[in-house]
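A.B. asks: Chains as they are written, first to last, in numbering that gives the first Met the number 0: chain G, 0 to 215; chain P, 0 to 215.
Pasting in a structure now, in C-alpha cells, and then I'll have a few things to ask.
2 protein chains.
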Amino acid sequence: MKNSKNPPDVTAEQKILISAREIFHKKGFEGARMQEIADKAGINKALLHYYYRSKEKLFDAVFAEALKTLIPKVKELLDAELPLFDKIKYFTDNYIKLLMENMYLPVFVIYELFQNPEKILSKFTEKSNFTPSVFIAQIRKSVKNKEIKKTDPRQLFINLMSLCIYPIIAKPLIMKIYDLNEQGFNRFINQRKKEIPEFIINSIKINKNSSSNGKK
Amino acid sequence: MKNSKNPPDVTAEQKILISAREIFHKKGFEGARMQEIADKAGINKALLHYYYRSKEKLFDAVFAEALKTLIPKVKELLDAELPLFDKIKYFTDNYIKLLMENMYLPVFVIYELFQNPEKILSKFTEKSNFTPSVFIAQIRKSVKNKEIKKTDPRQLFINLMSLCIYPIIAKPLIMKIYDLNEQGFNRFINQRKKEIPEFIINSIKINKNSSSNGKK
DNA sequence: GTCTATAACTCGATAGAC
DNA sequence: GTCTATCGAGTTATAGAC
C-alpha cells in the first residue's frame, strides 16, 4: 500500500488521466494546478509533461473523454426500444443517476463550453453526432399518431434535459433556498425522479375525455 | 472622448466595479486578470488595490452584487399580483429576457457557487431571504382550491427555473445539436417563452371534462 | 487619488541526471 | 520512464513619487 490515491497496477499515463479528470472536473481549466494533479497521481510533475505535452493538451484529453462518454450515454438511453412514456421515465431515472454519480461533470462541461465554445466544439466536427435523432423521430411519430399533443420535439427534448440537469447544477442554491442538508438534497432529487416523468407526461398526454384536442 | 470604454462622469471606483463585473462574469475568478480589469476601466492596476484591497475582495463585491440583483428580481416577478397561470407566463417572459440580456450571469453564479458554496453563501446568512415564499404559498393555495392538480410547490418552482435557465446556460450545446447560428438560437429561445408556460400549465391544470382528478 | 516601478510569488515547462 | 532542480513568464500586491 505505497500509494492509496489510485488503484495499483495502472500505468503512469492512466494514473495521470484519472487524477487530471478529478481535478479538472472540480476546479476547471484555470483553477486546476499541474502540481495538484501530479500529487494526486502520486508521480512527479515532469511526468505530466512527458506524457501530455502541456496543461492544455491534458485538459483536452479530459474534456474529450467527458463529452465522449456523456453524449453516447445520453444517446443510448434515448435510443432504448421503449414506448415514449416509458422512455421518458427510463431516461430520467438513469440520467439523474449518472449525473449524481458525477456531480461535477455537468457544471464542468457547461462552464468550459461557455468559456470557449468554438475552440472546443471544433474538435467534434465530423466525429460523434450530437443530435438525438431517434428520440426526436419518436416524438414526431407520437404526435402524428395522436398519442400526444402537438409538440415541438426539439423543445420537448430540451425540457427533459432541463428538468434533469438544472437541479443538480443548482445544488448549492437549492440547498440554500429550501434549507436542505446533503441528505435532504438527495431526497429532493430522488423525489424528482418520479416527479419529472409525471410532470412531462401530464403535459403532453392527450386528454381522452375532452372533445377535440391539440393546440390550435 | 478620452476613453469610450466606460460612461464618462463616473468615479474610478464605479468604473472599476463595472469593468470587474464584465470580466469576472465572462472569465470567472480564476480566469480573470486584474490587469485586464484595469485596462477596461481605463485606469491603473494599482488603483484596483487602492479601492478594493485584493482580487478576492473585488470578486466578492461583484458576486454579492450579482446575487443581490438576481434574487430580488426573481422575487419581484414571483410576487406580482397575478393569478397563477398569468404569473407563470409573466415570470417566464421577463426572466428569460433578463437572462438573455446578461448571458454570462447564470453560468457565472452557478459555477462560482459550485466552486465554493459554503464560503460564498455564508455571506448571505441573515440578509436577503432566498425562499420564494409568496409563489410557494400561491401554488399551495391553488392546489387546495382545486384550481390545479396536487403538486409539490417546491418541485414546481424548480421546474419553472430549470426550463428557463438551462437552455441559456447550455447555449453552445444547443447551437451544436440543433445546428443553429446566433439568430437561430434567439428564435429558439423566443419560441420557448411561449412554450414553457403552455408546457407547465398543461401539466398542472385540472382537466375539466374528466371525472375525478389529481393524482392518488 | 493616481501613477510608475518593482517586489514577491506562483505556475507551467524544460534540462539533464539516473 | 522517472526523478530533481531550475528557468522564465505572468500575476497579485505594494512602495513610493507626484
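Ideal Cβ placement from N, Cα and C applies to all residues, glycine included.
All values reported here derive from a predicted model rather than from experimental measurement.
1) Cα-Cα, which of Ala37/G, Ile42/G, Lys204/G, Val133/G is closest to Lys54/G?
2) Given this structure, state the Cα-to-Cα distance separating Tyr103/G from Lys193/P, to the nearest angstrom.
3) Report buried or exposed for Asn212/G, applying the criterion of at least 16 other Cβ atoms within 10 angstroms of its Cβ.
4) Using three-state DSSP, classify Lys122/P as helix, strand or coil.
5) In the DSSP assignment, find the alpha helix (DSSP H) that holds Gly183/G and state where it starts and stops.
6) Pull out every residue of the segment 156-182 of chain P whose Cβ sits closer than 9 Å to any Cβ of chain G, in chain order.
7) How would you call Asn158/G, buried or exposed, if buried means at least 16 neighbouring beta carbons within 10 angstroms?
8) Whole angstroms are fine: how far does the CA of Cys163/P sit from the CA of Ile195/P?
9) Between Thr68/P and Gly30/P, what straight-line distance do the alpha-carbon atoms span, to the nearest angstrom?
10) What did DSSP end up calling Phe23/P once you bin it into helix, strand or coil?
11) Under a CB-based cut-off of 8 Å, is Gly41/G close to chain P?
12) Ser53/P versus chain G: which residues are under 7 Å apart at the beta carbon?
13) Alpha carbon to alpha carbon, how far is Glu64/P from Lys204/P? Give it in angstroms, no decimals.
14) Can you tell which of Pro71/G, Ala11/G, Ile87/G, Tyr50/G has its C-alpha closest to the C-alpha of Arg191/G?
15) Mind listing the chain G neighbours of Ser202/P? Cutoff is C-beta to C-beta under 9 Å, in chain order.
16) Whose Cβ in chain G lies nearer than 9 Å to the Cβ of Asp151/P?
17) Which of helix, strand or coil does DSSP assign to Leu147/G?
18) Any beta-carbon of chain P closer than 8 Å to the one on Leu112/G?
19) Using 8 Å as the Cβ pair cut-off and three pairs as the minimum, do the segment 178-190 of chain G and the segment 132-141 of chain P touch?
20) Whole-angstrom Cβ separation of Ala19/P and Leu57/P, contact assumed at under 8 Å?
21) Can you grab the Cα-Cα spacing for the pair Glu197/G / Lys118/P, in whole Å?
22) Pick from Ala60/G, Ala79/G, Ile22/G, Asn201/G: whose alpha carbon is nearest that of Ile147/G?
23) Inspect the beta-carbon positions of Gly41/P and Phe107/P and report whether they are closer than 8 Å.
24) Could you tell me the alpha carbon to alpha carbon distance between Arg32/P and Lys25/G, rounded to whole angstroms?
25) For a test of the three-state rule: what should DSSP assign to Asn43/P, helix, strand or coil?
26) What does the alpha-carbon distance come out to for the pair Leu16/P and Pro71/G?
27) Take the Cβ of Pro82/G as the centre, count every other Cβ of all protein chains shown within 10 Å, and call the residue buried at 16 or more, exposed below.
28) Going by other Cβ atoms of all chains shown within 10 Å of its Cβ, with 16 needed for buried, is Arg153/P buried or exposed?
29) Pull up the distance between the alpha-carbon of Tyr49/P and that of Gln13/P, whole angstroms please.
30) Closer than 7 Å by C-beta to Ile22/G: which residues in its own chain qualify, once you throw out the five before and the five after it? Chain order, please.
31) Find out if the Cβ-Cβ distance for the pair Phe184/P, Lys170/P is shorter than 8 Å.
32) Helix or strand or just coil, what does DSSP make of Arg139/G?
C.D. replies: Let me spell this out:
1) Translated into positions along the first sequence, residue 54/G becomes position 55. The candidate whose alpha carbon is nearest that of Lys54/G is Ala37/G.
2) In the first sequence, counting from the first residue as 1, residue 103/G sits at position 104. In the second sequence, counting from the first residue as 1, residue 193/P sits at position 194. Whole-angstrom Cα-Cα distance: 32 Å.
3) Mapped onto the first sequence, residue 212/G falls at position 213. With a pLDDT of 44 at Asn212/G, under the threshold of 50, the modelled position of that residue is not reliable, and no figure is offered here.
4) Taking the second sequence and counting its residues from 1, the one referred to as residue 122/P is at position 123. Correct three-state label for Lys122/P: helix.
5) For the purposes of this step, residue 183/G is taken as the residue at position 184 of the first sequence. First-last of the alpha helix (DSSP H) with Gly183/G: 181-203.
6) Per Cβ criterion, the list reads Phe156, Ile157, Asn158, Met160, Ser161, Leu162, Cys163, Ile164, Tyr165, Pro166, Ile168, Ala169, Lys170, Pro171, Leu172, Ile173, Met174, Lys175, Ile176, Tyr177, Asp178.
7) Counted from its first residue, the first sequence places residue 158/G at position 159. Residue burial is scored here from C-beta neighbours: Asn158/G has at least 16 other C-beta atoms within 10 angstroms and is therefore classed as buried.
8) Start at 1 with the first residue of the second sequence, and residue 195/P comes out as number 196. Start at 1 with the first residue of the second sequence, and residue 163/P comes out as number 164. Distance between the alpha carbons of Ile195/P and Cys163/P: 8 Å.
9) Counting from one through the second sequence, the residue named residue 68/P turns up at place 69. Counting from one through the second sequence, the residue named residue 30/P turns up at place 31. So the alpha carbons of these two residues sit roughly 23 Å apart.
10) Counting from 1 along the second sequence, the entry for residue 23/P is found at position 24. Phe23/P falls in the helix class under three-state DSSP.
11) Taking the first sequence and counting its residues from 1, one reaches residue 41/G at position 42. Between Gly41/G and chain P, the shortest Cβ-Cβ separation is not below 8 Å.
12) Start at 1 with the first residue of the second sequence, and residue 53/P comes out as number 54. Ordered by position in chain G, no residue passes the 7 Å Cβ test against Ser53/P, which lies about 17 Å from the chain.
13) As a position in the second sequence, residue 204/P is number 205, starting the count at 1. As a position in the second sequence, residue 64/P is number 65, starting the count at 1. Between the C-alpha atoms of Lys204/P and Glu64/P there is a straight-line separation of about 37 Å.
14) For the purposes of this step, residue 191/G is identified with residue 192 of the first sequence, where counting begins at 1. Comparing C-alpha distances from Arg191/G to each of Pro71/G, Ala11/G, Ile87/G, Tyr50/G shows the shortest one belongs to Ile87/G.
15) Reading the second sequence from its first residue, position 203 is the one you call residue 202/P. Contact of Ser202/P with chain G by beta-carbon distance below 9 Å involves Glu197, Phe198, Ile199, Ile200, Asn201, Ser202, Ile203.
16) Start at 1 with the first residue of the second sequence, and residue 151/P comes out as number 152. For Asp151/P, the C-beta contacts it makes with chain G under 9 Å involve Gln190, Glu194, in order along the chain.
17) Start at 1 with the first residue of the first sequence, and residue 147/G comes out as number 148. Reading off the sequence, residue 147/G comes out as Ile, not Leu. Of the three classes helix, strand and coil, the one that applies to Ile147/G here is strand, per DSSP.
18) Position 113 of the first sequence, counted from the first residue, corresponds to residue 112/G. Interface residue, yes.
19) In short, these stretches do not touch, since the Cβ pair count stays below three.
20) Locating residue 19/P in the second sequence gives position 20, counting from the first residue. Locating residue 57/P in the second sequence gives position 58, counting from the first residue. Sure, about 5 Å apart at Cβ, within 8 Å.
21) As a working mapping, residue 197/G is identified with position 198 in the first sequence. As a working mapping, residue 118/P is identified with position 119 in the second sequence. Straight-line Cα distance between these residues: approximately 36 Å.
22) Here residue 147/G corresponds to residue number 148 of the first sequence, with the count starting at 1. The candidate whose alpha carbon is nearest that of Ile147/G is Asn201/G.
23) On the second sequence, residue 41/P is found 42 positions in, with the first residue counted as 1. On the second sequence, residue 107/P is found 108 positions in, with the first residue counted as 1. In terms of Cβ geometry, Gly41/P and Phe107/P do not form a close pair [threshold 8 Å].
24) Taking the second sequence and counting its residues from 1, the one referred to as residue 32/P is at position 33. Taking the first sequence and counting its residues from 1, the one referred to as residue 25/G is at position 26. Whole-angstrom Cα-Cα distance: 21 Å.
25) Numbered from 1 along the second sequence, position 44 holds the residue referred to as residue 43/P. Under the three-state reduction of DSSP, Asn43/P is assigned to coil, being neither helix nor strand.
26) What you label residue 16/P is simply residue 17 of the second sequence in a count that begins at 1. What you label residue 71/G is simply residue 72 of the first sequence in a count that begins at 1. Per the coordinates, the alpha-carbon of Leu16/P lies some 43 Å from the alpha-carbon of Pro71/G.
27) The residue given as residue 82/G occupies position 83 in the first sequence. Within 10 angstroms of the beta-carbon of Pro82/G lie fewer than 16 other beta-carbons, which makes it exposed.
28) Residue numbering aside, residue 153/P sits at position 154 when the second sequence is read from its first letter. Classification of Arg153/P: buried, given that the 10 Å Cβ count is 16 or more.
29) Here the question's residue 49/P lines up with position 50 in the second sequence. Here the question's residue 13/P lines up with position 14 in the second sequence. If you take the alpha carbons of Tyr49/P and Gln13/P, they lie about 13 Å apart.
30) Against the first sequence, residue 22/G aligns to sequence position 23. The residues are Ala31, Glu35, Ile36, Lys39.
31) Counted from its first residue, the second sequence places residue 184/P at position 185. Counted from its first residue, the second sequence places residue 170/P at position 171. The beta carbons of Phe184/P and Lys170/P sit closer together than 8 Å.
32) The count along the first sequence starts at 1 and reaches residue 139/G at position 140. Looking at Arg139/G - three-state DSSP - the assignment turns out to be helix.
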